[in-house]
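Taking it in order: structure first as structure tokens, then the write-up.
Protein chains: 2
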Amino acid sequence: MSNYAISIKSVEKKGVLDEITEIITAHNINIAYLNLFIENDFKGSINIELEDVDDINLLIQDLNNLNSVYNVKIYPSQEDVFGKRVIIYGGGAQVSQVALGAITEADRHNIRGERISVDTLPVVGEKPIAEAVNALTRLPRVSVLVLAGSIMGGEIIEEIKKVKSIYDLTVFSLNMPGGVTEVSDLIVTDPIQAGVMAVMQAADTAVFDYRKLDKDNRKF
Amino acid sequence: MSNYAISIKSVEKKGVLDEITEIITAHNINIAYLNLFIENDFKGSINIELEDVDDINLLIQDLNNLNSVYNVKIYPSQEDVFGKRVIIYGGGAQVSQVALGAITEADRHNIRGERISVDTLPVVGEKPIAEAVNALTRLPRVSVLVLAGSIMGGEIIEEIKKVKSIYDLTVFSLNMPGGVTEVSDLIVTDPIQAGVMAVMQAADTAVFDYRKLDKDNRKF
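Dropping the structure here:
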């Protein structure tokens, strides 16, 4: 059983996706992620991340037999290409400093064979940040969220609780007023260190894990 | 006709996606992006970005009628939450400096109501970077790619040509040997400026557009 990414070029008409998912389902294969768009030449491009594939060649043969499919190509999965994601939200001077720490640390891990990416949304305001936290339930491969600001609370706290009830998201935050530190797993005062620690938490090649720290010793 | 994101909680069994896409297809609605995972409580979470929706309430009513669906919720689209993506690939000292410029500039645009995110993969080596460039054909909302390194060429050049033949990806690169500058739309020597200019290119609130520059004046 392996994971694959496939890219299907097809005619651009409604119903094609339906035909394709029917075949994948019949092969007892899980779809983890799917993305569609129309190419410059008006062909449809359907990109699918597959899990638990028994016989990829048999699947591709069946997909190629569809009249609406031009060709099917196999690629490395997004997990292989982009790896785990460290996500940074916040605004002003701090968000780029957290990113600086995270990217520099990710570079050091990736050069040793890991794959960690650092995705940043520079955004301010309770509602936009709360919405962006909520959206983490609908993104693949999210490992650690870092909140980089000088005051966060209210709706942001509620959305963090909601996401944490759905999956095991790790949340680090800068030391700040507003209440968000109370729902954070680790509080870090220095923004560069916050970024570095978030990547260390996500990495397989680092020994750091906030869960190994005493509960009353998770603020630096 | 509007765009929406919906999140469907369902029983976790194969075939559910097939039932759902059949209904969406019957409503003549485009699926732009789809992501699935299993929640902590073993329920399935199916998240779909919909385009050209005529009557969202009618669709949700039909989806709720499926035995395998627990509930359907409407959210702002990923375009609304994360906006356009500036993507940065490369390693070492330069990748975090390009990100610093891009994130600081994105913060300035986003505070005025835009939404631009900055996604970074710190990675070195011809093959991993070429694979990551190729993967841009399978990611949504990509606006500008910045290549941040000190030598890039070979397979990376071929993959850039391939992506550009599929959609209108804008590629900025640092000034470097290896040949990659020949397929770049803009060459920028200073990494912070490269990041700033990439975000200005993506932004609606900036006047910068490399296409307005003479072809022999696209190196800074």
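In the order they appear, the protein sequences are chains A and B.
The first sequence begins at 416 in my numbering and counts up one residue at a time.
The second sequence begins at 416 in my numbering and counts up one residue at a time.
Note that the Cβ used here is the ideal one computed from N, Cα and C, for glycine as well.
F497 (chain A) reaches chain B at L536, A547 and A550, counting residues in chain order whose Cβ is nearer than 8 Å. In the DSSP assignment, the residues bridged to R500 (chain B) are B:S532 and B:V557. Per DSSP, E427 (chain B) is not a residue of any beta strand (DSSP E), being assigned neither H nor E.
Of the residues B:N632, B:I438 and B:N445, the one whose Cα lies closest to the Cα of S460 (chain A) is B:N445.
Relative to K577 (chain A), the option among A:P592, A:A550 and A:L628 whose CA is nearest is A:A550. Taking C-beta separations shorter than 6 Å and ignoring five residues to either side along the sequence, the partners of F452 (chain A) in its chain run S460, following chain order. Under the Cβ distance rule, E454 (chain A) counts among the residues neighbouring chain B, one pair being separated by less than 8 Å.
Judged by DSSP secondary structure, K577 (chain B) falls outside any beta strand (DSSP E) and instead within the alpha helix (DSSP H) spanning E570 to I581. Excluding sequence positions up to five before and after Y448 (chain B), its CB lies within less than 6 Å of the CB of E464 and P555, all in the same chain and listed in chain order. Residue contact with chain A for G430 (chain B): present (Cβ-Cβ distance below 8 Å to some residue of chain A).
For P537 (chain A), the secondary structure class from DSSP, reduced to helix, strand or coil, is strand.
When the alpha-carbon of G498 (chain B) is set against those of B:D624, B:S532 and B:Q512, the nearest one is in B:S532.
Per the DSSP secondary-structure output, G610 (chain A) pairs with nothing in a beta bridge. The beta-carbon distance between L584 (chain A) and L560 (chain A), rounded to whole angstroms, is 6 Å. This is short enough to meet the 8 Å contact definition. If you check the CB distance, A420 (chain B) and Q493 (chain B) come in under 8 Å.
Here T535 (chain B) is buried: its Cβ has 16 or more other Cβ atoms, across all protein chains shown, within 10 Å.
Between L432 (chain B) and N632 (chain B), the alpha-carbon positions lie close to 51 Å from each other. The beta carbon of R553 (chain B) sits closer than 8 Å to some beta carbon of chain A. Taking 8 Å as the cut-off, the beta carbon of I502 (chain A) is found closer than this to the beta carbon of V557 (chain A). Comparing alpha-carbon positions, the option among B:D477, B:K488, B:P543 and B:T440 lying closest to N462 (chain B) turns out to be B:K488. Taking 7 Å as the Cβ-Cβ cut-off, the segment 505-518 of chain A approaches chain B at G506, G507, V510, S511, A514, L515 and I518, given in chain order. Close CB contacts of K542 (chain B) within its chain, under the 7 Å cut and outside five residues either way in sequence, are with E570 (chain order). Of all residues in the segment 472-502 of chain B, only Y490, P491, Q493, D495, V496, F497, G498 and R500 place a beta-carbon less than 9 Å from a beta-carbon of chain A. The Cβ atoms of P606 (chain B) and G507 (chain B) do not sit closer than 8 Å to each other.
For T620 (chain B), no CB of chain A lies under 8 Å from its own CB, so it is not counted at the interface with that chain.
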